[in-house]
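Here is the structure we will look at.
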Amino acid sequence: MVALQLDDVGAYYGKTLAVAGVSTPQFEAGETVAVIGPNAAGKSTLFKRVAGLLRGPGSVHVDSARGTKAISYMPQDTAANAVLTVYESILLARKQGQSWRVGHADLTLIDDVLEALGIAGIAFRDLGALSGGQRQLVSIAQTLVREPEILLMDEPTSALDLHRQVEVLSFMQAEARRKGMIVLIAIHDLNQALRFADKVLVIADGRMRACGSSAEVITVEMLREVYRIDARIEKCSRAYDHVIVDGKAA
Amino acid sequence: MASVDVADIAAVAEDGGRGRYRALTRRKLLILVLMAGALCLSLAIDLAWGPARYGLDQVVLALLDPAAVSDQVRTVVWDIRMPVAVMAIVVGAALSVAGAQMQTILANPLASPFTLGISAAASFGAALAIVTSVPLLPVAAGLIVPINAFVMALIATLFIHFVSQLRGVSVQTVVLLGIALVFTFNALLAFLQYLASEQALSAVVFWTMGSLTKATWPKIWVTLAVLLIALPLFARNAWALTAIRLGEDKAASMGVNVRYIRLETMLIVSLLAAVPVSFAGTIGFVGLVGPHIARMIVGEDQRFFLPASVLAGALLLSVTSIVSKSILPGVVFPIGIITALVGVPFFFSLILSNRRRSW
Chain A
7 MVALQLDDVG AYYGKTLAVA GVSTPQFEAG ETVAVIGPNA AGKSTLFKRV
57 AGLLRGPGSV HVDSARGTKA ISYMPQDTAA NAVLTVYESI LLARKQGQSW
107 RVGHADLTLI DDVLEALGIA GIAFRDLGAL SGGQRQLVSI AQTLVREPEI
157 LLMDEPTSAL DLHRQVEVLS FMQAEARRKG MIVLIAIHDL NQALRFADKV
207 LVIADGRMRA CGSSAEVITV EMLREVYRID ARIEKCSRAY DHVIVDGKAA
Chain B
834 MASVDVADIA AVAEDGGRGR YRALTRRKLL ILVLMAGALC LSLAIDLAWG
884 PARYGLDQVV LALLDPAAVS DQVRTVVWDI RMPVAVMAIV VGAALSVAGA
934 QMQTILANPL ASPFTLGISA AASFGAALAI VTSVPLLPVA AGLIVPINAF
984 VMALIATLFI HFVSQLRGVS VQTVVLLGIA LVFTFNALLA FLQYLASEQA
1034 LSAVVFWTMG SLTKATWPKI WVTLAVLLIA LPLFARNAWA LTAIRLGEDK
1084 AASMGVNVRY IRLETMLIVS LLAAVPVSFA GTIGFVGLVG PHIARMIVGE
1134 DQRFFLPASV LAGALLLSVT SIVSKSILPG VVFPIGIITA LVGVPFFFSL
1184 ILSNRRRSW
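As you go down the protein sequences, you meet chains A and B in turn.
Counting along the first sequence from 1, when you hit position 246 you're at 252 in our numbering, and nothing is skipped either side.
Counting along the second sequence from 1, when you hit position 97 you're at 930 in our numbering, and nothing is skipped either side.
Encoded structure:
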């Protein structure tokens, strides 16, 4: 079973140490971790460091037979103008570093992922013809077909409507549990974090502020300190904790 | 592919996405085979046409069994027309692939050996040799023009590459820089032309127009060798190069070492662009348009895009070679002049009928 732990991890962006001192408890297989924090807090930078795309101090402990190759990072959505169909763009994510030959197993996996994300109907559309939300779903599919054990998703739901947000987040939570993955999701919607994450990691100004269960971490004090808002946390009709914003903190 | 044929629909019903994918793959392979067939036909016509016109049957006979045709036919086909016709194909292929990979790694539809100043640099190098006889490398006098052109083209390509690697330099900046190089080298060329003797001036002008008439087998072998080294290297990186078209971050997230692939590709491209230009002069249109034609026909999966670029460039220049000797009887126009005239109408019609799949 895979496990992930960050030990005093930092990340250089150019020559600046943009993120520093991130130490987490061990994340276990099946867990979904929400990474929250204000804009430009260092969430993407931390993800890139964990994925091995940026250098920095500290160590990322990955307990997996595949080592750091078990990690797959899904960057924030960017429009691509490549003349490729959705299907081709997912296939190439699957086949990176492999031969030209496309096997039956590759195509079956892609079909399954497209079906699961509800985008089989746009499989043969060109990338340039997709809406922002569709692009985001394609991006998720590109990450999933790499069959990662640790998944770092940078704002995967920012362009999705509410229905799709709930659908994607619950799908990811279920996949994490079913396949024993660790899924880290950078997300701005704190209520979605409360609803879907087993753990929450708060990052602000490039430093980790807290990491633990969502009830421990998402508190009125943290919201005032990190987000500078006055808010209450109350139970919704389904007994999930919910953040209700009263206004900007004085 | 906008239209879905009956076979596709049947495949989808039976097999879901993978059936349709397989059908589209088969269609792309068929397109490549058709392009290769068209290229063979174009080569045969190129060999048959000229001041003396032969039938295609005679050309095929001369190719398959040279002893069966008259000395005259054999000499014209094999010694006079064959080097030019084959040079058109290898130069077209090399320039088109160079343009394709420049467009891929610089993420810019305007990138090509011509628009980034590489052809202009080569022209300046050649003019330097013709006008001043100054060699940029210590080589035999007979090679000074192509070697000077090659050295300048290589310098321009590497300059573009290393500037593009600087932090904070966007791909738009790189293209602007390339355009600045075009102007710089054109100005330097004009300067040399102004100083040149009448004889040297006409040689420079002829060189800059681009011509295949001075094709020789050694030039063909060198260009072909570069092409044959480059293609397997690109093919090995096919998935990675395709991923780079999704954006640097996305490619890196898929495990592609973007920096390394860019460097390797640009070094190969510099050879691919410099060698044909140094032998054939400025042939502008192929490197830009060959890849666009390939992209519109088969998309940007490099497993198909790469061979399609080779074939599109080769076909474009081969057809141009035929046209260049068909306009006025007995006159072979420099191919650099004709390329755009032949390619533009075709390219326009392709863009207008295929707007969604152009860049």
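Using N, Cα and C, we set each Cβ at its ideal position, and we do this for glycine too.
Please read all numbers here as calculations on a predicted model, not as lab measurements.
Buried or exposed: which applies to residue i, given that a residue is buried once 16 or more other Cβ atoms fall within 10 Å of its Cβ?
i: R244 (chain A); result: exposed
i: P1140 (chain B); result: buried
i: I250 (chain A); result: exposed
i: Q998 (chain B); result: exposed
i: T937 (chain B); result: buried
i: V1177 (chain B); result: exposed
i: G1163 (chain B); result: exposed
i: L12 (chain A); result: buried
i: S966 (chain B); result: exposed
i: Q905 (chain B); result: exposed
i: S875 (chain B); result: buried
i: A835 (chain B); result: Note that A835 (chain B) scores a pLDDT of 42, beneath 50, so its modelled location is shaky; the value from the coordinates is reported in the next line. Exposed, by the Cβ-count rule.
i: K1083 (chain B); result: buried
i: L970 (chain B); result: exposed
i: V996 (chain B); result: exposed
i: W1054 (chain B); result: exposed
i: A955 (chain B); result: buried
i: R141 (chain A); result: buried
Bridge partners for residue i per DSSP, in chain order?
i: M80 (chain A); result: A:M159
i: S65 (chain A); result: A:D13
i: Y19 (chain A); result: A:T22
i: L1045 (chain B); result: DSSP output for L1045 (chain B) lists no bridge partner at all.
i: G253 (chain A); result: A:D236
i: T91 (chain A); result: A:D132
i: D879 (chain B); result: Paired residue(s): none; D879 (chain B) is not in a bridge.
i: I1184 (chain B); result: The partner list for I1184 (chain B) (beta bridge, DSSP) is empty, contrary to what the question assumes.
i: G218 (chain A); result: A:V206
Do residue i and residue j have their C-beta atoms closer together than 8 Å?
i: G1120 (chain B); j: S929 (chain B); result: yes
i: A99 (chain A); j: M1087 (chain B); result: yes
i: E37 (chain A); j: K205 (chain A); result: yes
i: P1124 (chain B); j: A921 (chain B); result: no
i: Y18 (chain A); j: F53 (chain A); result: no
i: G1169 (chain B); j: M1042 (chain B); result: yes
i: L872 (chain B); j: S1151 (chain B); result: yes
i: A180 (chain A); j: I188 (chain A); result: no
i: W1072 (chain B); j: Q102 (chain A); result: yes
i: A192 (chain A); j: K49 (chain A); result: yes
i: V1008 (chain B); j: A944 (chain B); result: yes
i: A953 (chain B); j: F1018 (chain B); result: yes
i: F992 (chain B); j: V1108 (chain B); result: no
i: A900 (chain B); j: L889 (chain B); result: no
i: V15 (chain A); j: R55 (chain A); result: yes
i: T1098 (chain B); j: Q1135 (chain B); result: no
Measuring CA to CA, which of the options is closest to residue i?
i: A856 (chain B); options: A:K254, A:F130, A:L196; result: A:F130
i: G803 (chain B); options: A:A86, A:R184, A:L133, A:A76; result: Beyond the ends of chain B as shown, which are 834 and 1192, falls residue 803 (chain B); an answer cannot be given.
i: L200 (chain A); options: A:R184, A:T91, A:L175, A:A180; result: A:L175
i: I1171 (chain B); options: B:I1160, B:F1180, B:Q1005; result: B:I1160
i: Q32 (chain A); options: A:R238, A:V41, A:G218, A:E153; result: A:G218
i: L190 (chain A); options: A:F177, A:L196, A:N197, A:L207; result: A:L207
i: L1104 (chain B); options: B:F957, B:L1149, B:T990; result: B:T990
i: M7 (chain A); options: A:Y246, A:D211, A:I156, A:I116; result: A:I156
i: D69 (chain A); options: A:L90, A:R230, A:R55, A:L10; result: A:L10
i: V893 (chain B); options: B:W911, B:A885, B:L987; result: B:W911
i: L166 (chain A); options: A:Q82, A:V89, A:V108, A:K241; result: A:Q82
i: F947 (chain B); options: B:A1013, B:R1000, B:V1165, B:A900; result: B:A1013
i: I864 (chain B); options: B:L1149, B:L1144, B:F1180, B:V1175; result: B:L1144
i: F957 (chain B); options: B:R860, B:D1134, B:A1036, B:V1055; result: B:A1036
i: E153 (chain A); options: A:I193, A:F202, A:A111; result: A:A111
i: A1029 (chain B); options: B:R914, B:A959, B:V1015; result: B:A959
i: E161 (chain A); options: A:V151, A:H169, A:L143; result: A:L143
i: S105 (chain A); options: B:L1060, B:L987, B:R1069; result: B:R1069
i: S1157 (chain B); options: B:A918, B:G1001, B:Y854; result: B:A918
Measuring from the CB of residue i, is there a heavy atom of the ligand FMN at a distance below 7 Å?
i: G16 (chain A); result: This structure does not include the ligand FMN; it has no bound ligands of any sort.
Self-check item: Contact set between the region 1070-1083 of chain B and chain A, restricted to residues whose Cβ is under 8 Å from the partner
Solution: For the region 1070-1083 of chain B, the set of positions with a beta-carbon nearer than 8 Å to some beta-carbon of chain A reads A1071, W1072, A1073, T1075, A1076, R1078, L1079, G1080, D1082, K1083 in chain order.
Quiz item: When you check each C-beta in the region 970-1002 of chain B against every C-beta of chain A, which residues fall closer than 8 Å?
Solution: Those residues of the region 970-1002 of chain B that come within reach of chain A (Cβ to Cβ, closer than 8 Å) are R1000.
Quiz item: Got a sec: which bits of the region 1111-1136 of chain B sit with their beta carbon under 7 Å from any beta carbon on chain A, in order along the chain?
Solution: Cβ contacts with chain A: R1128, G1132, E1133, D1134, R1136.
Exercise. Report the residues of the region 842-876 of chain B with a CB closer than 7 Å to any CB of chain A, ordered along the chain.
Key: Listed in sequence order: G849, G850, R851, R853, Y854.
Self-check item: Cβ-based contacts, 9 Å cut-off: residues of the region 1083-1112 of chain B near chain A
Solution: From the region 1083-1112 of chain B, only K1083, A1084, A1085, S1086, M1087, G1088, V1089 have a Cβ closer than 9 Å to chain A.
Quiz item: Taking any Cβ of chain B, which residues in the region 156-173 of chain A have a Cβ under 7 Å from it, in chain order?
Solution: Flagged: no residues at all.
Self-check item: Proximal residues, the region 85-106 of chain A versus chain B, C-beta separation under 8 Å
Solution: Taking 8 Å as the Cβ-Cβ cut-off, the region 85-106 of chain A approaches chain B at A86, N87, A88, V89, L90, T91, Y93, E94, S95, L97, L98, A99, K101, Q102, G103, Q104, W106, given in chain order.
Quiz item: Which residues, in chain order, does the region 223-239 of chain A contribute to contact with chain B at a C-beta distance below 8 Å?
Solution: The residues in question: there are none.
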